[in-house]
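Colleague:
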Amino acid sequence: MKIFYNELNREVNAKLPILSLVRNNHWFLWGLAQKSRYFGYWIKDKDRVLKLVDSFEIPGLSIFDEIKKIEIVSPYFAKIYFKGNVLEILLDSQGLILKTSKPLKIKINLDFKKVYSNQQFGNNYQILPLQKGYAVNFFQEKDNYKLESYLFYEGDLKLQNLWKEVYCGFDEERNSLPYKNWVYEAFEGYFTEIKLFCPEKQISTISFDHNTICDYELSNNDRLSNFLLKRTISLYDGYFLAGLPWVSDYWFRDELIILWLFEKAVLYKTNKILLDIRNKMLNHYLENLENFALSNKPCGNNSIDIFLWILLLMDNKQIKKNLYTIKIIFGRWLNLYFQNKKIIPLEKSTWMDSIDRPRAMEIDFLFMKTLEKLSLIEKDYLKQITLEKYKQKLKTAMVTEFYPKDEMTRPNVFLAYLLEPEFLSPQKWEKLFDNVIKNSWCSWGGFSSIAKNSPSFNSKHTGEKSESYHQGDSWFWLNNIAGISMQNLNSKKYKKQIEQIKNAGLKNLLELGALGWGSELTSANELKSEGSPIQLWTMSSLIKLLE
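In the numbering used here, the protein residues as written are 534 to 1080.
(1) Could you please give the first and the last residue of the uninterrupted beta strand (DSSP E) stretch that includes Ala893?
(2) Is Val669 closer than 7 Å to Pro608 when the C-beta atoms are compared?
(3) Taking Phe1009 and Gln1068 to be in contact with their CB atoms under 8 Å, please state how far apart those CB atoms are, rounded to whole angstroms.
(4) Which first and last residues belong to the beta strand (DSSP E) in which Ala719 is found?
(5) Would you identify the three-state DSSP class for Ile837, choosing helix, strand or coil?
(6) Ile591 and Ile639: beta carbons closer than 7 Å?
(7) Cα separation between Glu731 and Tyr649?
(8) In the DSSP output, what is His559 paired with across the bridge?
(9) Measure the beta-carbon distance from Ala949 to Glu895 and round it to whole angstroms, keeping in mind my assumption that it falls under 8 Å.
(10) Give the single residue among Phe956, Asn945, Ser1074 and Met941 whose Cα lies nearest to the Cα of Glu921.
(11) For the beta strand (DSSP E) holding Ile877, just list the boundary residues, first then last.
(12) Opposite Pro662 in the DSSP bridges: which residues?
(13) Spatial neighbours of Tyr818 within its chain, please: C-beta separation below 7 Å, excluding the five flanking residues on both sides.
(14) Run the CB neighbour count on Lys971, radius 10 Å, all protein chains shown included, and call it buried at 16 or more, exposed below.
(15) Starting from Leu1022, follow the alpha helix (DSSP H) in both directions and report where the run begins and ends.
(16) Could you tell me the distance, in whole angstroms, from the CA atom of Lys850 to the CA atom of Asp809?
(17) What did DSSP end up calling Phe825 once you bin it into helix, strand or coil?
(18) CA-CA distance, Met534 and Ile603?
(19) On the premise that Trp1050 lies in contact with Arg764, defined as a C-beta separation below 8 Å, what is that separation, rounded to the nearest angstrom?
(20) State yes or no: is the C-beta of Leu585 within less than 7 Å of the C-beta of Ser682?
(21) Kindly give me the distance between the Cβ atoms of Leu827 and Thr858, rounded to whole angstroms, as I take these residues to be in contact under 8 Å.
(22) For Asn542, name the three-state secondary structure that DSSP assigns.
(23) Classify Pro636 as helix, strand or coil using the three-state DSSP reduction.
(24) List the whole-angstrom C-beta distance separating Ile837 from Ser882, where the pair is believed to meet the contact cut-off of C-beta under 8 Å.
(25) Quick one, which of Leu927, Trp977, Ile983 and Lys906 has its alpha-carbon nearest Asp516's?
(26) Could you tell me if Cys832 is buried or exposed, where buried requires 16 or more neighbouring beta carbons within 10 angstroms of its beta carbon?
(27) Residues in the same chain with beta-carbon distance under 8 Å from Asp748, minus the five sequence neighbours each way, listed in chain order, please.
(28) Counting pairs of Cβ atoms below 8 Å between the region 765-780 and the region 712-727, do you hit three or more?
(29) Closest by CA to Asn656, which one among Val545, Tyr678 and Ser958?
(30) So who's on the other strand from Tyr700, going by DSSP bridges?
Structure follows, in structure tokens:
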């Protein structure tokens, strides 16, 4: 299927595309070849994620035969060309809008629900006719919640009041039960314009003019960076959505790593909007330091690195101002993780949260950076281990391969380098990089999350069965980190790998899965869009890699 990206002046052919529009805290995903319980129109209302529309059907339309082209205009505006007609789909600051150049027949299937809810019974819709519209009042008996919305139209939409069961092939591929879903076929008829919205829900609390995010003359590389930057900002509404459609909540680690990347990319440093976002978010973390420091989300499990990432982002003035609280939290952190003069992660407390890791290289480097920060403020704060002693222990561990064999072949080595590139000589870093390439490189242009000869390795993504998640799947954000690190260390030696990583990232962005968005991961054996179709880490790390 032909896809034209207006912002890039570029046309590609896409496989199994998902038309994906996002504007701060509402989004629309239309699976043009597959269906999913998670596709459709969604809004985020405070701590709730609510679905309104399951899908739109255009009777008689064969998606691949009769759609001539899809034009992606912006993160929240697209056009579909077919049958001498053009369908425009837009997320405005209030809701979802559809417009056509000529009257078009459509069926509208509703599926009001909370994210992760699979309630098939007790879904009650009350439809009230209005002047050129309908009020849709919904009540879920078991979950006990109500939702009110309005649909206005130009044309002739009739109430159908039908129920039908839909097969969700996308979900079956992900091992995400159930594979069938009952939806409410509410309306059918001809239209030239439709608008759907919830009057009591504040859809877009923060709105940016995406056309003015970059105000300088753009080269081709700048256009691509700006394209990614617009979409990164579209995932922000007071905090960043970690991913869509099913990771739409508040993940501290994802945000903190993004803030760290902001500091490294030239485009971020010169962008006033992102600098303002960074300052607001970091201040929010500092104001809530005790609540946020040891977990990855509100009411979440222990996370070993959240406190370390926060400290890494703080300047000396902020550390001095918060030193009393920092000491208290650091004491708690040490009690949890510092045993026998080494760091032992708790169960599933690293970013690889589907597995246990007896040692974690990137955590050791984060801890070292934390000691450096604190030693500038208060000498020998940690009596049980000074900065210099810890550095020496870490160097010994790196050189003598003290880490478990799996750790030495995981691409976390590249993240450790980017945290402290001067820690080892270039020759020693190259030896570590070469070992990861030898054991974990995928020919399409990325790294498996564990060595391919490991007994734990899974070549194919296993979806909601987490066997492959950190035991084979290739994560695009870490591939981008690897590309950045290889560019910095020896761009000539690693030119082939760097180019392949860039090409794989761009193919994922423009041709696979969610159109114009980078997905979370892919199987190790084949480049695909898998995991979350839209992933914050992937988008923002690709900006730094491509600059």
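Virtual Cβ for every residue (Gly too), placed ideally from N, Cα, C.
These numbers come from a predicted model, not from an experiment.
Modeller: Quick answer:
(1) Sequence index remark: in the sequence shown, residue 893 carries index 360 (1-based). Following the DSSP letters along the chain, one finds Ala893 in no beta strand (DSSP E), marked with neither H nor E.
(2) As a working note, residue 608 is residue 75 in the sequence shown. As a working note, residue 669 is residue 136 in the sequence shown. It is not a contact, given that the beta carbons lie outside the stated cut-off.
(3) The count along the sequence shown starts at 1 and reaches residue 1009 at position 476. The count along the sequence shown starts at 1 and reaches residue 1068 at position 535. The beta-carbon distance between Phe1009 and Gln1068, rounded to whole angstroms, is 7 Å. This is short enough to meet the 8 Å contact definition.
(4) Along the sequence shown, one-based indexing puts residue 719 at 186. Taken as a continuous stretch (DSSP letters only), the beta strand (DSSP E) holding Ala719 covers Lys713 to Phe730.
(5) As a first step, residue 837 must be located in the sequence shown, where it is residue number 304. Ile837: coil per DSSP, three-state reduction.
(6) As a first step, residue 591 must be located in the sequence shown, where it is residue number 58. As a first step, residue 639 must be located in the sequence shown, where it is residue number 106. Ile591 is a Cβ neighbour of Ile639, given a cutoff of 7 Å.
(7) Along the sequence shown, read from residue 1 onward, the residue named residue 731 stands at position 198. Along the sequence shown, read from residue 1 onward, the residue named residue 649 stands at position 116. Sequence check: residue 731 is Cys here, not Glu. Spanning the two alpha carbons is a distance of roughly 20 Å.
(8) The residue you call residue 559 lines up with position 26 of the sequence shown. His559 is bridged to Arg556 and Ile576.
(9) Walking along the sequence shown from the start, residue 949 turns up at place 416. Walking along the sequence shown from the start, residue 895 turns up at place 362. With 8 Å as the limit, Ala949 and Glu895 qualify as a contact, their Cβ atoms being about 5 Å apart.
(10) What you label residue 921 is simply residue 388 of the sequence shown in a count that begins at 1. Looking at the Cα atoms, Phe956 is the closest of the given residues.
(11) Within the sequence shown, numbered from 1, the residue matching residue 877 stands at position 344. Note, Ile877: premise wrong, no beta strand (DSSP E); not H, not E.
(12) Numbered from its first residue, the sequence shown carries residue 662 at position 129. Beta-bridge partners of Pro662 (DSSP): Tyr667.
(13) The residue given as residue 818 occupies position 285 in the sequence shown. Here the set comprises Phe825 and Ile843.
(14) Taking the first residue of the sequence shown as 1, we reach residue 971 at position 438. Within 10 angstroms of the beta-carbon of Lys971 lie fewer than 16 other beta-carbons, which makes it exposed.
(15) In the sequence shown, the residue the question calls residue 1022 occupies position 489. Counting along the chain, the alpha helix (DSSP H) containing Leu1022 begins and ends at Phe1009 to Asn1023.
(16) Your numbering for residue 850 matches position 317 in the sequence shown. Your numbering for residue 809 matches position 276 in the sequence shown. Rounded to the nearest angstrom, the gap between the Cα atoms of Lys850 and Asp809 is 18 Å.
(17) The count along the sequence shown starts at 1 and reaches residue 825 at position 292. Helix at Phe825.
(18) By one-based count along the sequence shown, residue 534 stands at place 1. By one-based count along the sequence shown, residue 603 stands at place 70. Cα to Cα, Met534 sits roughly 8 Å from Ile603.
(19) Position 231 of the sequence shown, counted from the start, is the residue given in the question as residue 764. Position 517 of the sequence shown, counted from the start, is the residue given in the question as residue 1050. With a Cβ gap of about 6 Å, Arg764 and Trp1050 count as contacting.
(20) Mapped onto the sequence shown, residue 585 falls at position 52. Mapped onto the sequence shown, residue 682 falls at position 149. Yes, they are a contact pair.
(21) In the sequence shown, residue 827 corresponds to position 294, counting from 1. In the sequence shown, residue 858 corresponds to position 325, counting from 1. In this structure Leu827 is not in contact with Thr858, their Cβ atoms being roughly 13 Å apart against a cut-off of 8 Å.
(22) Residue mapping note: residue 542 aligns to position 9 of the sequence shown, counting from 1. Asn542 falls in the coil class under three-state DSSP.
(23) The count along the sequence shown starts at 1 and reaches residue 636 at position 103. DSSP places Pro636 within a strand segment (E or B) once states are collapsed to three.
(24) Your numbering for residue 837 matches position 304 in the sequence shown. Your numbering for residue 882 matches position 349 in the sequence shown. Contact between Ile837 and Ser882 holds: their C-beta atoms lie close to 4 Å from each other, under 8 Å.
(25) Since the first and last residues shown for the chain are 534 and 1080, residue 516 lies out of range.
(26) One-based indexing of the sequence shown puts residue 832 at position 299. It counts as exposed.
(27) Along the sequence shown, read from residue 1 onward, the residue named residue 748 stands at position 215. Caution is warranted here: a pLDDT of 43 is assigned to Asp748, below 50, making its placement in the model unreliable, and the coordinate value is therefore given only provisionally. Cβ neighbours of Asp748 beyond the five flanking positions: none.
(28) With the cut-off at 8 Å, the region 765-780 and the region 712-727 do not touch.
(29) To locate residue 656, count along the sequence shown from 1; it is residue 123. Nearest C-alpha to Asn656: Tyr678.
(30) Within the sequence shown, the letter at position 167 stands for residue 700. DSSP lists Lys713 as the beta-bridge partner residues of Tyr700.
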